[in-house]
Amino acid sequence: MQLLGKIAEALIVRSCNSDVYANRRWGQIGRRGAYVHHSLDQYIAIGTGLETTRQKYLHKYQPSDTQRDVIWIHRSNVRQELQTLLNGRAAGYSAGLQLKVSMNGFQYIYRSDIRRAKYEVPLVYFDLCNDYYQLANAIYREDRNFVLGTDLVRGKDIDPAIHDQLCSYWWLVEQLVLGRMSIDQLAKDDLLFDAHKKEIFESSGSTIITL
6 MQLLGKIAEA LIVRSCNSDV YANRRWGQIG RRGAYVHHSL DQYIAIGTGL ETTRQKYLHK
66 YQPSDTQRDV IWIHRSNVRQ ELQTLLNGRA AGYSAGLQLK VSMNGFQYIY RSDIRRAKYE
126 VPLVYFDLCN DYYQLANAIY REDRNFVLGT DLVRGKDIDP AIHDQLCSYW WLVEQLVLGR
186 MSIDQLAKDD LLFDAHKKEI FESSGSTIIT L
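Going from the sequence shown to this note's numbering is simple: count from 1 and add 5.
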C-alpha cells in the first residue's frame, strides 16, 4: 500500500470532521446515495488505519482492511456504521471509501483492481497525472456494468484542495523513499505521522515504501 493513500485517508477524514458539507458529500459517495442528505450529519468519518482511530475508537481500528479506508460511525452509537444504499434502501453492509493515489493508474489500479466486484464500496482515485478518464474508459470497455462516478470516483472532482495537497506531499514521500528524509522528520508533521502508522503496520517494520 502507498503512503500517499494513507495521507488521502487522513485528509478526507479531517475534511469531513471540520466541514459538514464535505462530510455530506463524501458520505453520499461512500454509501452510493443518489442525493446529499442532512441525515449524514449524524455520522462521523474515521480512517480505519489511522492512529487517531486506534486511540479513540479501538474497536474500529482495522489497519489491514484493504476494502474500506474511510467509514462513518453514528455520533451517539459508535458501534453503528453508515450503511450502503441499494435502490434507496440499506443494502446490509457498511458504507465506505477505498482510496487510491497514483501517478500511473494503469499500472497501479487497472492491472490489479480492474474487477469492480472486488470492491463493495466506491473506489476513489486521485490521479496525480490526470489519467482518470483514460483509465475509466479502459475499464468500461471490459465491463459495461461499470458506472463512472459511482464505482470509480475521481477525487479531484470532489475535492480539488485535497488533490493539490496530495500533489505537494508527493515530493515529501519521494524524499522519504530516496532516504533524504527520516521517519523522525516525517513524524513532526502530525497528519503524515498519523497516516504513516498504518504503513508501518502493513509493512511489518520494513522501511521500503512503494510509490
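A virtual CB, placed ideally from N, CA and C, is assigned to each residue, including glycine.
Start-to-end residues for the alpha helix (DSSP H) that takes in residue i
i: Y113; result: Segment: none, Y113 is in no alpha helix (DSSP H) and carries neither H nor E.
i: A141; result: 137-147
i: V182; result: 165-182
i: T58; result: 56-61
Exposure label - residue i; buried when at least 16 CB within 10 Å
i: V106; result: buried
i: H42; result: exposed
i: E217; result: Outside the modelled stretch of the chain, which goes from 6 to 216, sits residue 217, for which no answer is possible.
i: D46; result: exposed
i: T58; result: buried
i: F131; result: buried
i: A13; result: buried
i: A166; result: exposed
i: Y48; result: buried
i: N28; result: buried
i: E147; result: exposed
i: L87; result: buried
i: V25; result: exposed
Beta-carbon proximity of residue i to residue j, cut-off 7 Å
i: I51; j: Y40; result: no
i: R149; j: T89; result: no
i: L16; j: Q170; result: yes
i: Y103; j: V83; result: One point to set straight first is that residue 103 is Gln, not Tyr, in the sequence displayed. Going by C-beta atoms, Q103 is not nearer than 7 Å to V83.
i: C172; j: L128; result: no
i: S303; j: I78; result: The question about residue 303 has no answer here: the residues shown for the chain are numbered 6 through 216.
i: T53; j: R73; result: yes
i: R159; j: Y145; result: no
i: G93; j: G35; result: no
Residue interval of the beta strand (DSSP E) (run including residue i)
i: R159; result: 157-159
i: L8; result: Not the beta strand (DSSP E): L8 falls in the alpha helix (DSSP H), residues 8-23.
i: L128; result: 128-132
Supposed contact pair residue j and residue i - C-beta distance, whole angstroms, cut 8 Å
i: L8; j: W175; result: Actually they are not in contact, since the Cβ atoms of L8 and W175 sit about 10 Å apart, beyond 8 Å.
i: L153; j: F111; result: 16 Å between Cβ atoms; not a contact.
i: Y115; j: A143; result: 6 Å
TODO: Return the chain-ordered ranges of every beta strand (DSSP E) run that is complete within the stretch 34-113 and spans a minimum of 3 residues.
DONE: 48-52, 75-79, 88-91, 94-99, 103-107
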